Amino acid sequence: MATSTVDPETAARIVETADALFYTRGIQTVGMDEIRSTAGVSLKKLYAAFPGKEQLIAAVLAGRHDFWEQGIRAAVDAADGPRAQLLAVYDFLESWFGDDTFRGCGFINAFGELGATSPAIAEIAREHKDSFQRFVAGITALAVPDPARAEELAAQLALLAEGAQTTAAIAGTTEAAVHARRAAAVLIDAATR
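In this text, residue positions in the sequence shown follow full-length UniProt numbering: the first is 1, and each later residue adds one.
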C-alpha cells in the first residue's frame, strides 16, 4: 500500500489509473511509466507510493475485492430470505455484466496473467475466491439444514457464478448471469426439498 510520503488522494489516483489500464488492456502490457503519465504523477511519487508493480497490482486487487464485496452484499441485503439472497448474487452479476466497462473478473484476469510467476498475486486471487465461497456458504447454511448438503450447494453456486463471469467476459452479454440464476434456482430447490 501507499507509504506516508504520498498523500492518500494521490495514491488513490494511482490505483484508480492502474486499475482502469490493467482491466482494459491487461497487466503485463501496461508499464509503470504509462501509469505515471496517465495518473499525472512523477515517477518518484509513483515509486514512493508503490515500490514495485506487484504492490500496485495488490492495491488494485484490494479495490476490486471491495467493489465485489459491496456489490454482492448490497444485492443480498436487499433480498428477503436465504433463497432470494442466493439468487440475488446472480442479479448482481447480470447488472455488472451489463456495464460497458466489464472485462471479466479482475482476479481471474490477474491470475491468468501472473498466477504462474507471482505467488503473491496468485494468493490474492485465491483468497478472493475463498472469501466468496465462504460468503455463499454462510447463506446456504441458512437455507439448507444439513451441513453437508449446504456445503455442496455453496460450492455448486459459487462455481456457477465463477463460470458466468468467464462466459460473460468472452461472450460480451449478460445472458450467462440469467442462465446461471436459473440453474442456481434448480439447485437450491433440489437441496431444500
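For each residue, glycine too, the CB sits at the ideal point set by N, CA and C.
The structure displayed is predicted, hence computed values, not measured ones.
Beta-carbon proximity of residue i to residue j, cut-off 8 Å
{"i": "Phe107", "j": "Ala125", "result": "yes"}
{"i": "Tyr90", "j": "Ala148", "result": "no"}
{"i": "Phe111", "j": "Ala122", "result": "yes"}
{"i": "Phe50", "j": "Ala59", "result": "yes"}
{"i": "Glu113", "j": "Ala177", "result": "no"}
{"i": "Ala116", "j": "Leu153", "result": "no"}
{"i": "Val174", "j": "Phe92", "result": "As written in the sequence, residue 174 is Thr, which differs from the Val given in the question. No, the Cβ-Cβ distance between Thr174 and Phe92 is not below 8 Å."}
{"i": "Ala180", "j": "Ala164", "result": "yes"}
{"i": "Ile14", "j": "Ile35", "result": "yes"}
Straight-line Cα distance separating residue j from residue i
{"i": "Asp146", "j": "Gln85", "result": "18 Å"}
{"i": "Asp66", "j": "Gly40", "result": "25 Å"}
{"i": "Leu160", "j": "Leu43", "result": "42 Å"}
{"i": "Ile188", "j": "Thr167", "result": "22 Å"}
{"i": "Tyr47", "j": "Arg25", "result": "22 Å"}
{"i": "Glu9", "j": "Met32", "result": "18 Å"}
{"i": "Glu54", "j": "Arg193", "result": "47 Å"}
{"i": "Val186", "j": "Gly81", "result": "17 Å"}
{"i": "Ala137", "j": "Arg73", "result": "14 Å"}
{"i": "Val144", "j": "Glu127", "result": "25 Å"}
{"i": "Val6", "j": "Cys105", "result": "29 Å"}
{"i": "Ala169", "j": "Arg103", "result": "5 Å"}
{"i": "Thr3", "j": "Leu157", "result": "For Thr3, the predicted model reports a pLDDT of 44, less than 50, meaning its position is unreliable and no value from the coordinates is stated."}
{"i": "residue 194", "j": "Ala12", "result": "Here the chain comprises residues numbered 1 to 193, so residue 194 is not present and cannot be evaluated."}
{"i": "Glu16", "j": "Trp68", "result": "15 Å"}
{"i": "Thr140", "j": "Gln70", "result": "19 Å"}
{"i": "Glu162", "j": "Gln133", "result": "10 Å"}
{"i": "Val76", "j": "Leu142", "result": "13 Å"}
Cβ neighbour criterion (16 or more within 10 Å) applied to residue i
{"i": "Lys45", "result": "buried"}
{"i": "Thr101", "result": "exposed"}
{"i": "Ala78", "result": "exposed"}
{"i": "Leu21", "result": "buried"}
{"i": "Thr29", "result": "exposed"}
{"i": "Ala171", "result": "exposed"}
{"i": "Arg64", "result": "buried"}
{"i": "residue 197", "result": "As displayed, the chain neither begins before 1 nor continues past 193, which places residue 197 out of reach and without an answer."}
Handout entry: Those runs of the alpha helix (DSSP H) which lie wholly inside the stretch 130-184 and span at least 4 residues
Key = 147-171
Handout entry: Every unbroken alpha helix (DSSP H) within the stretch 91-117, with a cutoff of 4 residues, ordered by chain
Key = Segments of the alpha helix (DSSP H) lying fully in the stretch 91-117: 106-114.
Practice task
Any chance you could list the alpha helix (DSSP H) runs of at least 4 consecutive residues sitting entirely within the UniProt domain "HTH tetR-type" (8-68), in chain order?
Solution key: Runs of the alpha helix (DSSP H) inside the UniProt domain "HTH tetR-type" (8-68): 8-25, 32-39 and 43-49.
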